[in-house]
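This report concerns only the one structure given below.
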Amino acid sequence: MMEKTTTGPQGSLTIRTLAMPADTNPAGDIFGGWVMSQMDIAGAIAAVERVRGRVVTVAVEAMTFIAPVKVGDVLCVYTRIERVGTTSVTVGIEAWVRRNRLDDRQQVTEARFVYVSLDENGQKRAIAAE
2 MMEKTTTGPQ
12 GSLTIRTLAM
22 PADTNPAGDI
32 FGGWVMSQMD
42 IAGAIAAVER
52 VRGRVVTVAV
62 EAMTFIAPVK
72 VGDVLCVYTR
82 IERVGTTSVT
92 VGIEAWVRRN
102 RLDDRQQVTE
112 ARFVYVSLDE
122 NGQKRAIAAE
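To convert, take the position in the sequence shown, counting from 1, and add 1; that gives my numbering.
Below, the structure written as structure tokens:
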């Protein structure tokens, strides 16, 4: 699991979006699947930038929901490349919220997503060194 931080998010801010009422579960909190989807989008952006090409999600590792996301929260998703293999890349992802659109941040979710690099024919493609 990613190393916990009390100083703030680790990685690059990749996505920032507003949690809306349409994304709630029956308890009135934002549905976890919506948060996971935002994290997958952010992770894919980071992976595409690293591999300089197409990627697909192949695994989600160690996803932890730390606190609920509320309607009106600004969800900020931070990404960092943790590992680059022959054809896959692992992205560490943290989701933080700004409650009521204020500056105070709270971490709500963390995970590792694994993406595989593909060529134009949908076959695995080796990732070039940086």
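Don't be surprised by glycine CBs; every beta carbon is placed ideally from N, CA and C.
Self-check item: Contact belief for T110 with M40 at Cβ below 8 Å, rounded distance in angstroms
Solution: 7 Å
Practice problem: Compare the C-alpha of Q107 against each of Y116, N101 and W97 and name the closest. | Solution: Minimum Cα distance to Q107 is reached at W97.
Quiz prompt | Cβ neighbours of S13 in the same chain (closer than 8 Å, five flanking residues each side left out) | solution = A47, Y79, T80 and R81
Practice problem: Under the assumption that A43 contacts I16 (Cβ atoms under 8 Å), give the Cβ distance between them as a whole number of angstroms. | Solution: 4 Å
Quiz item: Cα separation between R99 and S118?
Solution: 33 Å
Self-check item: Same chain, Cβ closer than 7 Å to D120, five either side skipped, listed in chain order
Solution: R126
Exercise. Assign G34 to one of two classes, buried (16 or more other C-beta atoms within 10 Å of its C-beta) or exposed (fewer than that).
Key: exposed
Exercise. Measure the alpha-carbon distance for E131 versus C77 and round it to whole angstroms.
Key: 27 Å
Quiz item: How many whole angstroms separate the CB atoms of A129 and V72, which I take to be in contact at a CB cut-off of 8 Å?
Solution: About 43 Å separates the two Cβ atoms, so there is no contact after all.
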